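Going letter by letter, the sequence shown gives residues 10 to 395 in the numbering used here. This report refers to the structure that appears directly beneath it.
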Amino acid sequence: MLDPLAAAGPRPPAAFAIGRMNRMTWTPFEFDEASPVDLRLPEPDATPIVVVDDEPPVLALLEKVLRREGYPVQAYASPHEALKRISEGGVALLITDIRMPAMSGLELARRALEEDPDLAVLVLTGAADTDTAVESLRLGIEDYLAKPVSVDALVESVGRALRRRSQELYRHKLEAWLRTEVDRRTEQVHRQAEELKRVSVATLSALVRTMEAKDPYLKGHSERVADLCEKMGEVLGFDEEGREELRTAGLLHDIGMIAIHESVTNKNGQLTDEEYDQVKKHVEIAANILQPLTHLGRAVEYVRGHHELLNGSGYPRGLKGDQIPLGAQIVGLAETYVSMTEDRAFRPAYAPAEALETLREGRGIWFEPRVCEALEKVLRGTRAKA
């Protein structure tokens, strides 16, 4: 039980000051009143201490000592009544005897912590043993005090338990706020990134349309390529983000042509080897234009690789087979089909069936077979809808 000599008479001023100092550390951090997020903890008076002991003299003495230290206390001889009070919420600390006939202190602690995991718990026992100490630690009990316990030891243990609980509550509150803030900031960044992507793609697409407007044979070419890329990507199982990257690559695949002289791009006859070498540069020019726009994702690599061919005879890097990104192969085949079915100054458009038959000859040589199958499936679906 509590040491009656240590509890008798008025407390020395120094010891009382220590007790008050312990209470003053209840809130571990100070926050500006103007802060948009209130992370301050409640005042200690709002969170009472529940004391439980089946011996009335001990219970009265515990209550007296704690009240003298300035703590709000609610004392119970019945563990069941104490548990009912704890279940109502707003309790900071449970101090309980272990050996009680109605319910052991450890069982009370276990059930109380189920009601309020943030509750701090101290246990008092007149018969300390290893098993009880181990079980107390397993339950997460703050301190385990053997009777008779001195007032100083009790007050120090209470102050320590309340400080730790205060810090845990603060940590939980801060973690919850941080999770919310991180989610909010992440969503904000995503929105800004999507807006940046939308604006940059729209700007570059407008540039492509301006470039195409100079040639009546190219009007709408990039839009048609983009539509076909997106549909082929869906057939091949690309997710929404992947299909968006395909569409972007389809829209911007020829943006590098802006750097090729009009005397070459608008030539009616066959290109010379030198002129063709100039045209081939448009791929790397496009990649260099798009490379800084990291939010375009894989679309940049698709643009860079859309003139590579399965057998390694393409350009600019002569990639072959699996070295060529699947998205680049989709853009390349879509662009080839769309170009073949459009009029040019030097030839009329191929009929869709004729273009498809010609492309079949390159299946497995220039074009990945499954990409060819995706194109045919899209075209069959388009004809069926028509």
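All residues carry an ideal CB built from backbone N, CA and C; glycine is no exception. Because the structure is a prediction, the values reported are computed rather than measured.
TODO: Hey, could you find the ends of the alpha helix (DSSP H) ARG71 is sitting in?
DONE: In the sequence on display, residue 71 carries Leu and not Arg. For LEU71, the enclosing alpha helix (DSSP H) begins and ends at 65-77.
Open item on the list: Buried or exposed, going by whether 16 or more other CB atoms sit within 10 Å of the CB of TYR285?
Closed with: Here TYR285 is exposed: its Cβ has fewer than 16 other Cβ atoms, across all protein chains shown, within 10 Å.
Open item on the list: Alpha carbons only, please: which of THR345, VAL132, TYR346, ARG307 is nearest the one belonging to LEU335?
Closed with: Ranking THR345, VAL132, TYR346, ARG307 by CA distance to the CA of LEU335 puts ARG307 first.
- [ ] Within the same chain, show all residues whose beta-carbon is closer than 8 angstroms to that of TYR226, passing over the 5 residues directly before and after it, in chain order.
- [x] Within the same chain, TYR226 has close Cβ partners GLU351, ASP352, ARG353, ALA354.
- [ ] Using beta-carbon positions only, say whether ALA101 and THR56 come within less than 7 angstroms of one another.
- [x] Contact: yes.
Open item on the list: If we define contact as Cβ-Cβ less than 7 angstroms, is LEU227 a contact residue for chain B?
Closed with: Reference to chain B is not applicable here, since this structure consists of a single protein chain.
Task: Rounded distance between the beta-carbons of LEU133 and ILE150, thought under 8 angstroms - done: 11 angstroms between Cβ atoms; not a contact.
TODO: With DSSP as the reference, label ASP161 as helix, strand or coil.
DONE: It is helical.
- [ ] Mark GLU7 as exposed unless 16 or more other C-beta atoms lie within 10 angstroms of its C-beta, in which case mark it buried.
- [x] Nothing can be reported for residue 7, as the shown portion of the chain is limited to 10 through 395.
Open item on the list: Closest to PRO88 by C-alpha separation, out of ASP63, ASP263, LEU75, GLU203, would be which residue?
Closed with: Measuring from the Cα of PRO88, the nearest candidate turns out to be ASP63.
- [ ] Going by DSSP, name the residue or residues bridged to VAL60.
- [x] VAL60 is bridged to ALA84, ILE104.
- [ ] Determine, using beta carbons only, whether VAL312 and ALA296 come nearer to each other than 7 angstroms.
- [x] The Cβ atoms of VAL312 and ALA296 sit closer than 7 angstroms to each other.
Open item on the list: Quick test of your reading: LEU368 and THR345, contact by CB under 8 angstroms. State the CB separation rounded to the nearest angstrom.
Closed with: Rounded, the Cβ-Cβ distance is 7 angstroms, consistent with contact.
Task: Minimum C-alpha distance to GLU165 - residue among LEU131, ARG194, HIS270, ARG180 - done: The residue from LEU131, ARG194, HIS270, ARG180 with its alpha-carbon nearest to that of GLU165 is LEU131.
- [ ] Can you check DSSP and say which residues form a bridge with ASP152?
- [x] Per DSSP, the beta bridge partners of ASP152 are LEU131.
Open item on the list: Taking a contact to mean a Cβ-Cβ separation below 7 angstroms, would you say ALA235 touches LEU260 in this structure?
Closed with: Result yes, Cβ atoms of ALA235 and LEU260 sit closer than 7 angstroms.
Open item on the list: Going by beta-carbon coordinates alone, are ALA258 and VAL340 separated by less than 7 angstroms?
Closed with: Closer than 7 angstroms, so yes.
Open item on the list: Checking the sheet assignment: what are the DSSP bridge partners for ARG372?
Closed with: Note: ARG372 sits in a beta bridge opposite PHE376.
TODO: Would you mind stating whether VAL60 and LEU71 have Cβ atoms separated by less than 7 angstroms?
DONE: Contact annotation: VAL60 and LEU71 have beta-carbon atoms nearer than 7 angstroms.
Open item on the list: Between ARG326, ASP282, HIS304, TRP375, which has its C-alpha nearest ASN320's C-alpha?
Closed with: When C-alpha distances from ASN320 are compared across ARG326, ASP282, HIS304, TRP375, the shortest belongs to TRP375.
TODO: Taking 7 angstroms as the cut-off, decide whether the C-beta atoms of ILE269 and GLN287 are in contact.
DONE: For ILE269 and GLN287, yes; Cβs fall inside 7 angstroms.
Open item on the list: Can you list, in chain order, the residues of its chain with a C-beta nearer than 6 angstroms to that of PRO378? Leave out the 5 residues immediately preceding and following it.
Closed with: Taking C-beta separations shorter than 6 angstroms and ignoring five residues to either side along the sequence, the partners of PRO378 in its chain run ARG372, following chain order.
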